[in-house]
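Number of protein chains: 2
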Amino acid sequence: MSLAHFHVEASCGEARAGELRTAHGVIKTPIFMPVGTVGSVKALSPADLVEIGAPIILGNTYHLYLRPGDELIAKMGGLHKFASLPMSILTDSGGFQVFSLSSLRKITNDGVEFRSHIDGSKHFFTPTKVIDIQLNLGSDILMPLDECVPYGADYNYTAKSLRLTHMWAKSSLEYFREREAKTLLFGIVQGGFFADLRRQAIEELAGHDFAGLAIGGLSVGESKAQMHEFLSLTASYLPKTKPRYLMGVGTPLDLVLGIANGIDMFDCVLPTRNARNGTLYTSMGKINIKRQEYAKSSEPLDPECSCYTCQTFSRSYLRHLFVSHELLALRLNSLHNLTYYLKLVRDARAAIVTGTYQSYLAKIMQLYPEEAAQVDNQI
Amino acid sequence: MSLAHFHVEASCGEARAGELRTAHGVIKTPIFMPVGTVGSVKALSPADLVEIGAPIILGNTYHLYLRPGDELIAKMGGLHKFASLPMSILTDSGGFQVFSLSSLRKITNDGVEFRSHIDGSKHFFTPTKVIDIQLNLGSDILMPLDECVPYGADYNYTAKSLRLTHMWAKSSLEYFREREAKTLLFGIVQGGFFADLRRQAIEELAGHDFAGLAIGGLSVGESKAQMHEFLSLTASYLPKTKPRYLMGVGTPLDLVLGIANGIDMFDCVLPTRNARNGTLYTSMGKINIKRQEYAKSSEPLDPECSCYTCQTFSRSYLRHLFVSHELLALRLNSLHNLTYYLKLVRDARAAIVTGTYQSYLAKIMQLYPEEAAQVDNQI
Chain A
1425 MSLAHFHVEA SCGEARAGEL RTAHGVIKTP IFMPVGTVGS VKALSPADLV
1475 EIGAPIILGN TYHLYLRPGD ELIAKMGGLH KFASLPMSIL TDSGGFQVFS
1525 LSSLRKITND GVEFRSHIDG SKHFFTPTKV IDIQLNLGSD ILMPLDECVP
1575 YGADYNYTAK SLRLTHMWAK SSLEYFRERE AKTLLFGIVQ GGFFADLRRQ
1625 AIEELAGHDF AGLAIGGLSV GESKAQMHEF LSLTASYLPK TKPRYLMGVG
1675 TPLDLVLGIA NGIDMFDCVL PTRNARNGTL YTSMGKINIK RQEYAKSSEP
1725 LDPECSCYTC QTFSRSYLRH LFVSHELLAL RLNSLHNLTY YLKLVRDARA
1775 AIVTGTYQSY LAKIMQLYPE EAAQVDNQI
Chain B
1425 MSLAHFHVEA SCGEARAGEL RTAHGVIKTP IFMPVGTVGS VKALSPADLV
1475 EIGAPIILGN TYHLYLRPGD ELIAKMGGLH KFASLPMSIL TDSGGFQVFS
1525 LSSLRKITND GVEFRSHIDG SKHFFTPTKV IDIQLNLGSD ILMPLDECVP
1575 YGADYNYTAK SLRLTHMWAK SSLEYFRERE AKTLLFGIVQ GGFFADLRRQ
1625 AIEELAGHDF AGLAIGGLSV GESKAQMHEF LSLTASYLPK TKPRYLMGVG
1675 TPLDLVLGIA NGIDMFDCVL PTRNARNGTL YTSMGKINIK RQEYAKSSEP
1725 LDPECSCYTC QTFSRSYLRH LFVSHELLAL RLNSLHNLTY YLKLVRDARA
1775 AIVTGTYQSY LAKIMQLYPE EAAQVDNQI
């Protein structure tokens, strides 16, 4: 069974290799989406993103709405044209940022009132407004307004929040259908850390015509083990026909474990944020380029990597740039970490297609032994 | 009359179009050298520098000596290899930085003691040590240790300093000849704001076999008018056969006026520093990209510019990146300003060759009317 915009080509256990079609191209899944919060993946140009082969990036609705404003972006021809981004763009619902960045938020059945983290100005997001914003941005994949419940929320709060999220999801879908048919609207599965609420959320959302389903509300403060427990459990309830997107996660290990559970799409600030902190992912594991041991190393950062950084510079020079606070360090490191993430999912896909995903998973887990130990009981 | 490494192809008034040959290529002069203080032109990659056509950049001896250290760079194969820079590299003498950045400096006949601005550690630069450092870096053009006298220094101090600078210049040249013949050592003309000392400096240096002569000690706090008065006066004494380098100057107007006075080479942090402050040079003059008026402009930054920034993005997007403090803004702006500077000197050269430099100069002066007014009495 396949949808017009998505089909699974091959699977290996629960892991799937698929193709997701948008107005801006075909995306081979599983895929990692670099985060371009305000219409720029930090320190990288659109040409860089094309060079490293990123077929889709994520933009943040909350940020773009506040600055420069979705109406301005619409006037400039949409986010693709405004930021000169040729690839597909998924935008989030703004819900997570409203709850994590803004102050004085007030939730009603109609939506959420919040104050801008930039200038304190008051704003109100409703399900339809959030769709309008994303249509103004010209996103390929839209997300409906949801409440991402904080870690530690009790059962009653979470259950009540879930009813609101579902009410908003239905309004979003209805409004989206009236306004637009060519792009894709996903549903978001919330339900905190309560198995029955997660199951209930999926049963509710599966009955509607969302183009894909996302798992929200993970990686919000819980332990690594609990995250993977709920990732695994939630993923197991998801319909197999639709693309599955794990929001805001995670490390390379999280990705390969997510893929093992049938996740098709990921986004996270980790590779770019870590790059700016000097933490770099390599085929030999994670390193911190600041370390004195790299001062005299004429070796490339990762001899197995094809990125400009690894093909051009030594660890010694990269360390020098980083400790000297040179701007170029941030760019070269970001370019490398994203290349690593994109290769990780590309190699995962190849392993799924050849039916060798379990051994690929085992290989990656060996690269991150400490982190793997934290989830060992889940595998 | 021409030298093995330099010849003047054409001139127009005092302005000259020449060719300067180093171990890393032929540089068409007049030329502007982007500043790559610690082995990186801030926010740009070597590939960017190649793309914008920079045939030579400047590295700072003082900075590279302190971090990562010239001996480390020598072990890594020299600065060209360490930083993956294919173009020619000129390194300064460190003198200017010792006097402007470090603390507790103490000058003796042997050299200058100073404390690192990074960690306060104590160091001693001698004329021969500064040559050794630059040979370790593998520079194409070396500069001898000099004292850049502060603005306001009196005649006696300046005259005494000049004797020391000349003593060091001779030691530098002797030591350089013993150690190396393939690269080029320039002499530095000091003498503050005293015409007879400037003249005396040139008479002294012209008697020695320096590969070129640099004018130091300008743009140190004097008025724009005084700077151009001494630039013009000093340049008029310089031998015509050697390349002439105006150190640490300046604005586009300073460059075209310098060229009118026969200067062949320039370096300055201005285009890259201004880029990071949002001040951009265009074929219509200087603009600040922060301004509200650009928020809705779908025009390119400069329609006459061929750089990636102008060919790809609108003023609106560039303003958005800048006000959002995005790292990409610093890179796109730097790429543009350096492209502007390189085009400025390339166009100047073309005008010299076609004998139309006076009208080119007039055209550029019209772009910067306020600044031009400050030097009007000099022209």
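So the protein sequences, as listed, match chains A and B. Note that the working numbering gives residue 1462 to position 38 of the first sequence, counting from 1, and the numbers run on in steps of one. Note that the working numbering gives residue 1498 to position 74 of the second sequence, counting from 1, and the numbers run on in steps of one. Each residue gets a CB set at the ideal place from its N, CA and C atoms; glycine is no exception. Keep in mind that this is a model prediction, so the values were computed, not measured.
Asked: Residues bridged to Glu1669 (chain B) (per DSSP); Found: Sequence check: residue 1669 (chain B) is Tyr here, not Glu. Its beta-bridge partners are B:Ala1638, B:Met1689.
Asked: Cβ neighbours of Gln1802 (chain B) in the same chain (closer than 7 Å, five flanking residues each side left out); Found: Annotation note: pLDDT 49 at Gln1802 (chain B) (below 50); position unreliable, coordinate value reported separately. Closer than 7 Å at Cβ, skipping near neighbours: Ala1649, His1652, Glu1653, Ser1656.
Asked: Interface residues of chain A facing Glu1750 (chain B) [CB-CB closer than 7 Å]; Found: Val1462, Ser1464, Lys1466
Asked: Same chain, Cβ closer than 6 Å to Thr1589 (chain A), neighbours up to 5 away in sequence not counted; Found: Asp1570, Glu1571, Gln1614
Asked: For Ile1557 (chain B), the first and last residue of its enclosing alpha helix (DSSP H); Found: 1551-1561
Asked: The alpha helix (DSSP H) enclosing Cys1734 (chain A), as first and last residue numbers; Found: 1732-1736
Asked: Alpha carbon of Cys1731 (chain B) to alpha carbon of Ala1699 (chain B), nearest angstrom; Found: 14 Å
Asked: Within the region 1582-1651 of chain A, ranges of the beta strand (DSSP E) (whole runs, at least 3 residues); Found: 1608-1613, 1636-1639
Asked: Chain A contact for Ala1507 (chain B) (CB, 8 Å cutoff); Found: yes
Asked: 7 Å CB neighbourhood of Met1789 (chain A) in its chain, flanking five on each side removed; Found: Leu1677, Ala1796
Asked: Best match in B:Asp1633, B:Lys1606, B:Ile1555 for proximity to Ala1447 (chain B) [C-alpha to C-alpha]; Found: B:Lys1606
Asked: Assumed close pair Asp1688 (chain A), Arg1440 (chain A) - CB separation to whole angstroms, cut-off 8 Å; Found: 6 Å
Asked: Classification of Ile1480 (chain A) by the beta-carbon crowding that lies within 10 angstroms, buried from 16 upward; Found: buried
Asked: Cutoff 8 Å: Phe1737 (chain B) Cβ touching any chain A Cβ; Found: yes
Asked: Cβ of Ala1699 (chain B) within 8 Å of any chain A Cβ; Found: no
Asked: Under 8 Å by beta carbon: chain E residues contacting Tyr1732 (chain B); Found: Of the protein chains in the structure, A and B, none is chain E.
Asked: Stretch-stretch touch, CB-based, cutoff 8 Å, three pairs: the region 1774-1791 of chain B with the region 1475-1495 of chain A; Found: no
Asked: Delimiting residues of the alpha helix (DSSP H) encompassing His1804 (chain B); Found: Residue 1804 (chain B) lies beyond the stretch modelled for chain B, which goes from 1425 to 1803, so this question has no answer here.
Asked: Secondary structure of Ala1719 (chain A), DSSP reduced to three states; Found: coil
Asked: Pairwise C-alpha distance: Gln1558 (chain A) and Val1799 (chain B); Found: 53 Å
Asked: Close beta carbons around Tyr1661 (chain B), own chain, < 6 Å, minus the five adjacent residues each side; Found: Arg1623, Ile1626
Asked: Where the region 1705-1722 of chain B meets chain A: residues whose CB sits under 9 Å from a CB there; Found: Ala1719, Lys1720, Ser1722
Asked: Validate contact between the region 1756-1770 of chain A and the region 1453-1461 of chain A using beta carbons, cut 8 Å, 3 pairs; Found: yes
Asked: Rounded straight-line distance, which links the Cα of Gly1477 (chain B) to that of Ser1707 (chain B); Found: 18 Å
Asked: Classification of Ile1542 (chain A) by the beta-carbon crowding that lies within 10 angstroms, buried from 16 upward; Found: exposed
Asked: Candidates A:Arg1773, A:Leu1621, A:Leu1608: closest to Asp1633 (chain A) by CA position; Found: A:Leu1608
Asked: Spatial distance of Pro1793 (chain B) from Asn1761 (chain B) (CA atoms); Found: 19 Å
Asked: Reduced DSSP category for Tyr1784 (chain A) - H, G, I as helix; E, B as strand; rest coil; Found: helix
Asked: Chain B contact for Tyr1741 (chain A) (CB, 8 Å cutoff); Found: yes
Asked: Leu1444 (chain A) burial status per 10 Å Cβ neighbour count (16 or more: buried); Found: buried
Asked: Length of the line joining the Cα atoms of Ala1659 (chain B) and Gly1686 (chain B); Found: 7 Å
Asked: Simplified DSSP state of Met1500 (chain A), which is helix, strand or coil; Found: coil
Asked: Pair within 8 Å by beta-carbon distance, Pro1718 (chain A) and Arg1743 (chain A); Found: According to the sequence displayed, residue 1718 (chain A) carries Tyr and not Pro. Going by C-beta atoms, Tyr1718 (chain A) is nearer than 8 Å to Arg1743 (chain A).
Asked: Length of the line joining the Cα atoms of Tyr1784 (chain B) and Ile1612 (chain B); Found: 29 Å
Asked: Enclosing beta strand (DSSP E) for Lys1767 (chain B) [first to last residue]; Found: No beta strand (DSSP E) holds Lys1767 (chain B); the alpha helix (DSSP H) holding it covers 1751-1777.
Asked: For Asn1484 (chain B) and Gln1521 (chain B), believed in contact at Cβ under 8 Å, the rounded distance; Found: 6 Å
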